[in-house]
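For reference, the structure discussed in these notes is given below.
Protein chains: 2
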Amino acid sequence: MIIEKIAESRFNDSVFESKVFGKNFTDHMLVATYKDGKWSEPKIMPYGPLEFSPAAMAFHYGQAIFEGMKAYKNENEEVFIFRPDKNFERFNLSAKRLSMPEVPAEIFMDGIKTIVDLDRQWVPKNYGTSLYLRPTMFATEEAVSARSSHEYMFVILMAYAPSYYEKPLSVKIADFYSRSAQGGVGFAKCAGNYAASFFPTEEAQKEGYDQVIWTDSIEHKYIEEAGTMNVWVRIGDKLLTAPTSERILNGVTRDSLLNLAKDMGLDVEVRPIEVAEMYEAYKNGQLKEVFGCGTAVVVNSYNAIGFGEERAEIGILPDEESYAVRLKTALRNIQYGLIEDPYGWRIKIEESVTA
Amino acid sequence: MIIEKIAESRFNDSVFESKVFGKNFTDHMLVATYKDGKWSEPKIMPYGPLEFSPAAMAFHYGQAIFEGMKAYKNENEEVFIFRPDKNFERFNLSAKRLSMPEVPAEIFMDGIKTIVDLDRQWVPKNYGTSLYLRPTMFATEEAVSARSSHEYMFVILMAYAPSYYEKPLSVKIADFYSRSAQGGVGFAKCAGNYAASFFPTEEAQKEGYDQVIWTDSIEHKYIEEAGTMNVWVRIGDKLLTAPTSERILNGVTRDSLLNLAKDMGLDVEVRPIEVAEMYEAYKNGQLKEVFGCGTAVVVNSYNAIGFGEERAEIGILPDEESYAVRLKTALRNIQYGLIEDPYGWRIKIEESVTA
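First to last, the protein sequences are chains A and B.
Residues 1 to 355, numbered by our numbering, are exactly what the first sequence covers, in order.
Residues 1 to 355, numbered by our numbering, are exactly what the second sequence covers, in order.
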């Protein structure tokens, strides 16, 4: 790995006062390029623009995938990342579906560890804040021809993450637009899935909602996932989440909460959730909590659900009664190194790497 | 419009000997940028790389749309473009669905005319060849946050187009993968639709086919479109094509052929086409022709159709009996300025613009 350090760090503490997610980038980025069937040696270099042709295939045919991860710091200045193996695995699953080359562990995993170590002063210490890590790969071949690119770039970017979506959100259940098709790319973390979701989300925002809960594209009968989150529904004391599928992203936070919920002894069930079932529970007063989870948001409660024209207001439970709060606290305490991690999820970033 | 001409043209006639589509770019490109809610004055400048942040939102969230158009030259050195108003209209329809700003006619239409005029020596004169025009818009804001970008770039690139797909193609009818969902972005010419199609296409190629004919994502029962083409099916002497929909691109070539077919007196019908109906016609010897159309390929006959495990070979009709050939010839003769254009489709590029 080539390391070209920045001449003078741009870091200062005021970065941590920002309220903006994903705009304050750290000193360094990692770059590796793929050409003639092989990856270059990865290079860590000062963050900044690079030269690309406007004919770079990512701009035309959208071969672009990414992952979202976070680095956390505890009071002892120790830095951790969380289940990077899951992101690495999903990244290469996305790569396959998008007809892109796999990125080897020496680049993805070693890259993450090295660059987080190098920019460790950028990892904030305040509980709830973190450094957001963004491994991305996109097509760079200069060609306007509808086929897979022969050249790619892999980058790791890092940006300050304040606490995301602190307030409860209101979500509209999709009854016209869809996020993904059977036989499509819904399970892949690819750029096109997001681009397709913005307009329907903005339409929902015009109706007073923050986000959309996607449903199956055939009948809009089953809950799938929210914008950047997997969805949890608590009916009575039963906690439900939809199974992952070819249309639903296999969220790392989702999987972690599932483990935590089982180990807490909650009554949790993974099965398709009908919109009608949620609505009926709401009418019966049994819809106690609905929340989303994802790396960026961690866990976010919903205080209103749009069923067609009807806006169902859902009271937010006191912390001690809320599964969302219990799960979020347990997850964060592991992520920030405050409690034991019986799962082996937390990976400490050693300081030796770039000493 | 700002025009910064290249110091010394890179043009030489050997470009026209290339067999490669979309790799030989002309001297100039047009660039306009969108920021703070407005478009910059467009600038025509030497074609080449520009600086972009690896955090440019197109690389992460895939807001990217394009059009494909062509410029043609006749024996008198006159240069024409074809129905640019249709591409302009569709471009802004795509922009809306992808939550991107509209591009005004002063940039898109005047831009096309000016840059084609400027690089007119790059338009080849051989019948069947042309200069491919690629207007594109993509998100450039530097942010890793899942929402619409606030900044965009619009570019027009131009590259030599040899005759595309001269041979008949074999196509597999999709029975597992899908191109687009009901309520999705299938009608938009957006980057993500292409990225999603490459892997299924390559899987079909492993089975010996060139491309995929997409079917509806619900039952794989109805024909939708092929990779970069709308599809036509001739059963007996009836010519069928599927209606455009929210899942199917409203092709300019498709619309033109529809007009030509009607005016030739062909028995043409726009209606959903069942895979089963095609298969039955094949079994009965009534499946006379299947072909695709699009700006890049013009018209391309299929000589084999994959119905599940069965490869149905379709004889290619002699030119004088083929609807595909009749339609292709009529269309090209208009495009190349060889016959009258009663439709007003052909637009001559005046030489005055940049004189």
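Even glycine gets a Cβ: it sits at the ideal position worked out from N, Cα and C.
Model, not experiment: these values are computed from the prediction.
Close-in-space but distant-in-sequence residues of the same chain around F59(B) (CB under 7 Å, 5 per side omitted): The beta carbon of F59(B) sits closer than 7 Å to none of the beta carbons in its chain outside the five residues before and after it.
Let me make sure I understand the geometry here. Which of K73(B), K96(B) and I316(B) has the alpha-carbon closest to that of A195(A)? Looking at the Cα atoms, K96(B) is the closest of the given residues.
Whole angstroms is fine: what's the gap from H150(A)'s alpha carbon to E202(B)'s? Their Cα atoms are separated by approximately 14 Å.
Selection from Q182(A), N300(A) and K221(A) that minimises the alpha carbon distance to V275(A): Out of Q182(A), N300(A) and K221(A), K221(A) has the C-alpha closest to the C-alpha of V275(A).
Going by DSSP, what residue range makes up the alpha helix (DSSP H) through S256(A)? Taken as a continuous stretch (DSSP letters only), the alpha helix (DSSP H) holding S256(A) covers V252 to D263.
With C-beta atoms as the reference, is I235(A) less than 7 Å away from A281(A)? In this structure, I235(A) sits near A281(A), with a CB-CB distance shorter than 7 Å.
Any chain A beta carbon closer than 7 Å to H28(B): No - not a single Cβ of chain A is within 7 Å of the one on H28(B).
Per DSSP, K348(B) is paired with what? For K348(B), the beta-bridge partners assigned by DSSP are F80(B).
Under 7 Å, Cβ to Cβ, is there at least one residue of chain A near Y282(B)? Not one chain A Cβ lies under 7 Å of Y282(B).
Counted within 10 angstroms of its Cβ, other Cβ atoms place R134(A) as buried (16 or more) or exposed: By the C-beta density criterion, R134(A) is buried, having at least 16 other C-beta atoms within 10 angstroms.
Using CA atoms only, rank isn't needed, just tell me which of R83(B), N303(B) and L157(B) is closest to V171(B). Residue N303(B) is the option with its Cα nearest to V171(B).
Count Cβ pairs between the stretch 210–228 of chain A and the stretch 256–266 of chain A that sit closer than 8 Å; are there 3 or more? Taking 8 Å as the limit for Cβ pairs, the verdict is that the stretch 256–266 of chain A does not touch the stretch 210–228 of chain A.
State the Cα-Cα distance for the pair E225(B) and I248(B), rounded to the nearest angstrom. If you draw a straight line from the Cα of E225(B) to the Cα of I248(B), it is about 7 Å long.
For a minimum of 4 consecutive residues, which ranges assigned as the alpha helix (DSSP H) are wholly contained in the stretch 144–220 of chain A? The alpha helix (DSSP H) runs lying completely inside the stretch 144–220 of chain A and spanning 4 residues or more are 191–206, given in chain order.
What is the DSSP secondary structure of G111(B), counted as helix, strand or coil? DSSP, reduced to helix, strand and coil, places G111(B) within a helical segment of the structure shown.
Could you tell me if the beta carbon of H150(A) falls within a distance shorter than 6 Å of some heavy atom in the ligand NAP? Ligands are entirely absent from the displayed structure, and the ligand NAP is therefore not among its contents.
Beta carbons nearer than 7 Å to chain A: which residues of the stretch 166–182 of chain B have them? Answer in chain order: F176, Y177, S178, S180, A181 and Q182.
Given a cut-off of 7 Å, decide if L131(B) and A71(B) are closer than it, judged by their beta-carbon atoms. Taking C-beta atoms as the reference points, A71(B) and L131(B) count as a pair closer than 7 Å.
Any C-beta of chain A sitting closer than 7 Å to the C-beta of Q63(B)? Closer than 7 Å: yes.
Determine whether the Cβ of I218(A) lies closer than 7 Å to any Cβ atom of chain B. Yes - at least one Cβ of chain B is within 7 Å of the one on I218(A).
Return the chain-ordered list of same chain residues with a C-beta closer than 8 Å to the C-beta of T129(A), the five sequence neighbours on each side being excluded. Answer for T129(A): F16, Y160, A161, P162 and S163, listed in chain order.
Rounded to whole angstroms, what's the CA-CA distance from A242(B) to G306(A)? Just pull it up for me. Roughly 35 Å between the two C-alpha positions.
Same chain, Cβ closer than 6 Å to K43(A), neighbours up to 5 away in sequence not counted: I2 and V31, listed in sequence order.
Run down chain A in chain order and give the residues with a C-beta less than 8 Å from the C-beta of T136(B). Result: P54, F59 and H60.
How would you label G265(B), buried or exposed, when you count the other beta carbons within 10 angstroms and need 16 or more for buried? Its Cβ having fewer than 16 others within 10 Å, G265(B) is exposed.
Of the residues I115(A), W122(A) and F291(A), the one placed nearest R10(A), counting alpha carbons only: Comparing C-alpha distances from R10(A) to each of I115(A), W122(A) and F291(A) shows the shortest one belongs to W122(A).
Of all the CB atoms in chain B, is at least one closer than 7 Å to the CB of G22(A)? True, the Cβ-Cβ gap to chain B drops below 7 Å.
Check whether the Cβ of P49(A) lies closer than 7 Å to any Cβ atom in chain B. The beta carbon of P49(A) falls within 7 Å of a beta carbon belonging to chain B, placing the residue at that interface.
What is the DSSP secondary structure of F16(B), reduced to helix, strand or coil? The three-state secondary structure of F16(B), taken from DSSP, is helix.
My output table needs one value for L240(A): the three-state DSSP class, helix, strand or coil. Of the three classes helix, strand and coil, the one that applies to L240(A) here is strand, per DSSP.
Mind checking whether G294(A) and T244(A) have CB atoms under 7 Å apart? No, they are not a contact pair.
Going straight from the alpha carbon of G208(A) to that of K167(A), what length do you get? Their Cα atoms are separated by approximately 15 Å.
Please list, in chain order, the chain A residues whose beta carbon lies closer than 8 Å to that of C190(B). Per Cβ cutoff of 8 Å: G62, G192, A195 and A196.
Just verifying my parser: in three-state terms, what is the DSSP assignment at D319(B)? Reduced to three states, the DSSP call for D319(B) is helix.
Close Cβ partners of S99(B) (< 8 Å) along its chain, the five nearest in sequence each way excluded: Closer than 8 Å at the Cβ level, and outside the excluded window around S99(B), lie Q63 and S148.
Proximal residues of chain C, C-beta to C-beta of G184(A) below 9 Å: Any reference to chain C falls outside this structure, whose protein chains are A and B.
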